[in-house]
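A.B. asks: One structure, as structure tokens, below. Some questions next.
Number of protein chains: 2
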Amino acid sequence: MTPPPATQQQSAAPEVLARCRDLVRPALAQAVRRLHPWHAEMAAFSLGWSAADGSPAPGSQGKGLRQALTLLSAEAAGAPAENAVVGAVAVELIHVFSLLHDDIMDGDETRRQRATVWKAYGTGPAILAGDALFALAVQTLADSPGKYSATAVRHLAATLTDLVRGQADDLLFESRPWNGPQAVQPHEYRRMTEHKTGALLGCATGLGAVLAGAPAPTVDALTQAGRHLGMAFQAVDDLLGIWGDPEITGKPVHSDLRRLKKTYPVLSALATDQPAAQQLATLLATGNPLDATDIQHAAELIEEAGGRTATLTEAHHHLDNARHSLESVPLTPAALDEILTLLPFLIDRTR
Amino acid sequence: MTPPPATQQQSAAPEVLARCRDLVRPALAQAVRRLHPWHAEMAAFSLGWSAADGSPAPGSQGKGLRQALTLLSAEAAGAPAENAVVGAVAVELIHVFSLLHDDIMDGDETRRQRATVWKAYGTGPAILAGDALFALAVQTLADSPGKYSATAVRHLAATLTDLVRGQADDLLFESRPWNGPQAVQPHEYRRMTEHKTGALLGCATGLGAVLAGAPAPTVDALTQAGRHLGMAFQAVDDLLGIWGDPEITGKPVHSDLRRLKKTYPVLSALATDQPAAQQLATLLATGNPLDATDIQHAAELIEEAGGRTATLTEAHHHLDNARHSLESVPLTPAALDEILTLLPFLIDRTR
Chain A
47 MTPPPATQQQ
57 SAAPEVLARC
67 RDLVRPALAQ
77 AVRRLHPWHA
87 EMAAFSLGWS
97 AADGSPAPGS
107 QGKGLRQALT
117 LLSAEAAGAP
127 AENAVVGAVA
137 VELIHVFSLL
147 HDDIMDGDET
157 RRQRATVWKA
167 YGTGPAILAG
177 DALFALAVQT
187 LADSPGKYSA
197 TAVRHLAATL
207 TDLVRGQADD
217 LLFESRPWNG
227 PQAVQPHEYR
237 RMTEHKTGAL
247 LGCATGLGAV
257 LAGAPAPTVD
267 ALTQAGRHLG
277 MAFQAVDDLL
287 GIWGDPEITG
297 KPVHSDLRRL
307 KKTYPVLSAL
317 ATDQPAAQQL
327 ATLLATGNPL
337 DATDIQHAAE
347 LIEEAGGRTA
357 TLTEAHHHLD
367 NARHSLESVP
377 LTPAALDEIL
387 TLLPFLIDRT
397 R
Chain U
47 MTPPPATQQQ
57 SAAPEVLARC
67 RDLVRPALAQ
77 AVRRLHPWHA
87 EMAAFSLGWS
97 AADGSPAPGS
107 QGKGLRQALT
117 LLSAEAAGAP
127 AENAVVGAVA
137 VELIHVFSLL
147 HDDIMDGDET
157 RRQRATVWKA
167 YGTGPAILAG
177 DALFALAVQT
187 LADSPGKYSA
197 TAVRHLAATL
207 TDLVRGQADD
217 LLFESRPWNG
227 PQAVQPHEYR
237 RMTEHKTGAL
247 LGCATGLGAV
257 LAGAPAPTVD
267 ALTQAGRHLG
277 MAFQAVDDLL
287 GIWGDPEITG
297 KPVHSDLRRL
307 KKTYPVLSAL
317 ATDQPAAQQL
327 ATLLATGNPL
337 DATDIQHAAE
347 LIEEAGGRTA
357 TLTEAHHHLD
367 NARHSLESVP
377 LTPAALDEIL
387 TLLPFLIDRT
397 R
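Residue numbers (our numbering), protein chains in the order written: chain A, 47 to 397; chain U, 47 to 397.
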């Protein structure tokens, strides 16, 4: 008896991720060693390889979904995974760069139950370490041998531009009102998310295709698939930010509401004409700090006005779009299957 | 009667600089318009094109020595200046990026008699605007047509790596002692300067040669010349930081000593076995804030121990090396003359 497909996929994913991590880790470590020792220490801390004093006390290192998507995209486009390792390294470096700088801008003091880099090392050093990782990512791709390196750098540069644009809009949303004509609309939030979160996953899959020497339609299809996966990921993140279990997320209950973050569930709730939406707007627009009862009430109003359902729909919409993109071009079936195997990991963060 | 060469050169320099500014300005403005409007506003402010509220109230825009060196290097390597405009734009963008981030790290609140960007717009926005300029610089070169774009990106990436390495060492010097075995040695300071200041001027001249399609020895010679010009520039900056006229520098008298900056004059003075060096070390190592009398005394001791002369010698040494580099390869004479015309502007900041 063969097990049903769902179970088969779930059991395959951890091995897929482990195989990709094993391919990328030595190259990533080698890249980090090129940094100034001070920056290498902060990078190792941020990657979960060491404690803030530099000692090897590893934190949570993540599953490596981004790097896996790069390698599997290369395989899907018909090249060995090894060809795309340099792309996976660049994407990981950019990811760490963006964490370092975003944590400063957002004032976040902890990440994965540890101090953020600026909290552990100071703001100036964290800014500079971020810059160093940014430079290293560009240099890693620009200096890589092979005829696709220049195209890969162009993809990375476009991604970086999207990333900073998305982060700018996210920061600017903070000062926009909760209701009235200046309120942030769900479509504006979606575009911000496409830049802030979608771009890097689109870069991960797109670079895999570029470094495989894939034709433009394949690069575009894999890039689009990655962008949609990123947006699905963000929608799930937004759900967890309000209704996530603190035991699993490592963040306080209703974390995003406590911080009055304008995320998709609340924005899509406010954009309806439900009575709950009006009550929610009144509650949020007082400008007073919300106590625990208010926050609980806000979460209920968001759900009542349909914000939770809308966000779940948004996540599935992007997942469907990602699947459609992947099916729109010819890809190596085994690698495509492995990419599809990973999708549940993007959506179900309890694993 | 023809005027003597020196006068001829001095009168030519302003026109050379103006011609180069006229070529670069439209392309730089076009690049800045590609930024998120918020970042474009901060960039325009930092470039001296507008006031902090975005209105066209220009500040001091600088002479444009960096961009001129890029264009003249291309001409010296036998290509039209237009070929290197994209390189000049990238170098200017990186320059503004580094000002934005360095001013945060160094806690500098004013620059050229105006608020720094982080002071005018906030730390988070200034970090992000710096990132946006960094990304735009890479994208500008990576997306430029022509067969030298990939090589140009590699040069830029190497420069960025040097820049962050130099800034890291400069920050780390702050916590090193004034005397004893852990004291910062002049050669360490020189290496830091080569990275922090030399690299960008070396990138300016080197990119001009790269974009002209010059052979490797010419690229190397122009890069080296630029690096030495940057180091000469830094040595002069260090002299002005202690003995500069506040009317001209726009900074308080003895500015670098007030901030206890470890610059070449003081480090080279401390590295001697002069009695004045020992008095200087005692004065600086107390750890107490220095009052105006102490600072005046420190400046005198630095001069007595030979720190001022050593720094002037350092500046001339790098200028000589720059000239030797320029003479080591065949260059178009007219363009080489124009480069040489600009050198006094690097050294004499009173013009």
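C-beta atoms are modelled at their ideal positions from N, C-alpha and C, and glycine is treated no differently.
These numbers come from a predicted model, not from an experiment.
How would you list, in chain order, the residues of chain A whose beta-carbon sits under 9 angstroms from the beta-carbon of Val230/U?
C.D. replies: Near Val230/U there are no residues of chain A at all, since even the closest Cβ is about 15 angstroms away, more than 9 angstroms.
A.B. asks: Compute the distance between the beta-carbons of Ala356/A and Ser314/A, then report whether it is under 8 angstroms.
C.D. replies: Against a cut-off of 8 angstroms, the Cβ pair of Ser314/A and Ala356/A comes out as a contact.
A.B. asks: Answer yes if the segment 130-146 of chain A comes into contact with the segment 173-183 of chain A, meaning at least three C-beta pairs across the two stretches below 8 angstroms, and no otherwise.
C.D. replies: Taking 8 angstroms as the limit for Cβ pairs, the verdict is that the segment 130-146 of chain A does touch the segment 173-183 of chain A.
A.B. asks: Figure out for me which residue from Ala368/A, Trp164/A, Val132/A has the closest Cα to the Cα of Arg67/A.
C.D. replies: The option with the nearest alpha carbon to Arg67/A is Val132/A.
A.B. asks: Who are the near neighbours of Val199/U in its chain, counting only those whose CB is closer than 7 angstroms to its CB and skipping five residues on each side?
C.D. replies: Cβ neighbours of Val199/U beyond the five flanking positions: Val184, Leu187, Ala188.
A.B. asks: Take Lys308/A and list the residues in its own chain whose beta-carbon comes closer than 6 angstroms to its own, dropping the five residues that flank it on each side.
C.D. replies: Counting only Cβ-Cβ distances below 6 angstroms, and skipping sequence neighbours, we find Phe219, Val230.
A.B. asks: Give every residue of the same chain whose Cβ lies closer than 7 angstroms to the Cβ of Leu382/A, excluding the five residues on either side of it in the sequence, and list them in chain order.
C.D. replies: Same-chain partners within the cutoff: Ala122, Leu372.
A.B. asks: Near Gly168/A, what residues of its chain come up, given a Cβ to Cβ distance below 6 angstroms and the 5 sequence neighbours on each side ignored?
C.D. replies: None.
A.B. asks: Measure the Cβ-Cβ separation of His233/A and Leu209/A and say whether it is below 8 angstroms.
C.D. replies: The answer is no: Cβ separation not under 8 angstroms.
A.B. asks: Going by other Cβ atoms of all chains shown within 10 Å of its Cβ, with 16 needed for buried, is Arg158/A buried or exposed?
C.D. replies: With fewer than 16 other Cβ atoms within 10 Å, it is exposed.
A.B. asks: So His364/A is in the alpha helix (DSSP H); what residue range does that whole segment cover?
C.D. replies: Its alpha helix (DSSP H) spans residues 353-373.
A.B. asks: In chain order, what are the residue ranges of uninterrupted alpha helix (DSSP H) at least 4 long that sit wholly in the segment 58-136 of chain U?
C.D. replies: 83-92, 111-122, all fully within the segment 58-136 of chain U.
A.B. asks: Could you tell me the alpha carbon to alpha carbon distance between Leu206/U and Thr156/U, rounded to whole angstroms?
C.D. replies: Each residue's Cα considered, the two are about 24 angstroms apart.
A.B. asks: Just curious, the alpha helix (DSSP H) that Tyr194/A is in, first and last residue?
C.D. replies: Here Tyr194/A belongs to no alpha helix (DSSP H), and DSSP marks it neither H nor E.
A.B. asks: Would you call the segment 316-327 of chain A and the segment 286-302 of chain A touching, i.e. three or more CB-CB distances under 8 angstroms?
C.D. replies: Contact fails: fewer than three Cβ-Cβ distances are below 8 angstroms.
A.B. asks: For the alpha helix (DSSP H) that contains Arg273/U, what are its first and last residues?
C.D. replies: It spans 262-289 - the alpha helix (DSSP H) in which Arg273/U sits, taken as one unbroken run.
A.B. asks: What is the DSSP secondary structure of Arg237/U, reduced to helix, strand or coil?
C.D. replies: Helix, per DSSP.
A.B. asks: Grouping DSSP H, G and I as helix and E and B as strand, with all else coil, what is Ser328/A?
C.D. replies: A quick correction: the sequence has Thr, not Ser, at residue 328/A. DSSP places Thr328/A in helix when its eight states are reduced to three.
A.B. asks: Please return the same chain residues whose Cβ sits closer than 8 angstroms to the Cβ of Ala203/U, not counting the five positions on each side in sequence.
C.D. replies: Excluding sequence neighbours, Ala203/U sits near Val184.
A.B. asks: Which residue from Arg79/U, Phe391/U, Ala114/U puts its Cα closest to that of Gly248/U?
C.D. replies: Looking at the Cα atoms, Ala114/U is the closest of the given residues.
A.B. asks: Within 8 angstroms, do at least three Cβ pairs link the segment 263-275 of chain U to the segment 361-371 of chain U?
C.D. replies: Yes: at least three Cβ pairs fall under 8 angstroms.
A.B. asks: Can you list, in chain order, the residues of its chain whose CB lies under 6 angstroms from that of Ala73/U, leaving out five sequence neighbours each side?
C.D. replies: Contacts found: Val131, Val135.
A.B. asks: Rounded to the nearest angstrom, what separates Ala331/U and Gly226/U at their Cα positions?
C.D. replies: If you take the alpha carbons of Ala331/U and Gly226/U, they lie about 10 angstroms apart.
A.B. asks: So with CB distances below 7 angstroms, who are the chain A contacts of Thr269/U?
C.D. replies: Near Thr269/U there are no residues of chain A at all, since even the closest Cβ is about 16 angstroms away, more than 7 angstroms.
A.B. asks: Measuring alpha carbon to alpha carbon, tell me which of Asp215/U, Asp319/U, Ala64/U, His201/U ends up nearest Gly352/U.
C.D. replies: Checking every option, the nearest Cα to that of Gly352/U belongs to Asp319/U.
A.B. asks: Could you give the first and the last residue of the continuous alpha helix (DSSP H) run that contains Pro379/A?
C.D. replies: It spans 379-393 - the alpha helix (DSSP H) in which Pro379/A sits, taken as one unbroken run.
A.B. asks: Between the alpha carbons of Gly94/A and Lys109/A, how many angstroms are there, rounded?
C.D. replies: Cα-Cα distance, rounded: 12 angstroms.
A.B. asks: Given that a residue counts as buried once 16 or more other Cβ atoms are within 10 Å of its Cβ, and exposed if not, what is Gln270/A?
C.D. replies: It is buried - the Cβ of Gln270/A has at least 16 other Cβ atoms within 10 Å.
A.B. asks: From Leu145/U to Leu217/U, what distance separates their C-alpha atoms?
C.D. replies: Between Leu145/U and Leu217/U, the C-alpha separation is close to 15 angstroms.
A.B. asks: Could you tell me the alpha carbon to alpha carbon distance between Leu398/U and Arg65/U, rounded to whole angstroms?
C.D. replies: This structure gives no information on residue 398/U, because the portion of chain U shown stretches from 47 to 397.
A.B. asks: Contact criterion: CB-CB distance below 8 angstroms. Does Met151/U meet it with respect to chain A?
C.D. replies: So yes, Met151/U belongs to the interface.
A.B. asks: Measuring only the C-alpha atoms, how far is Thr53/U from Leu285/U?
C.D. replies: The predicted position of Thr53/U is uncertain, since its pLDDT is 40 and thus under 50; a value taken from the coordinates is nonetheless stated next. Whole-angstrom Cα-Cα distance: 26 angstroms.
A.B. asks: Using a Cβ-Cβ cutoff of less than 8 angstroms, which residues in the same chain neighbour Gln228/U once the five nearest sequence positions on both sides are dropped?
C.D. replies: These residues qualify, in order along the chain: Arg222.
A.B. asks: Alpha carbon to alpha carbon, what distance is there between His82/U and Gly244/U?
C.D. replies: For Gly244/U and His82/U, the distance between alpha carbons rounds to 30 angstroms.
A.B. asks: Beta-carbon within less than 6 angstroms of Pro102/A's beta-carbon, same chain only, minus the 5 sequence neighbours each way: which residues are those?
C.D. replies: Here the set comprises Ser96.
A.B. asks: Since I believe Met151/U is in contact with Ile150/A (beta carbons under 8 angstroms), could you give me their beta-carbon distance rounded to a whole number of angstroms?
C.D. replies: About 12 angstroms; that fails the 8 angstroms criterion.
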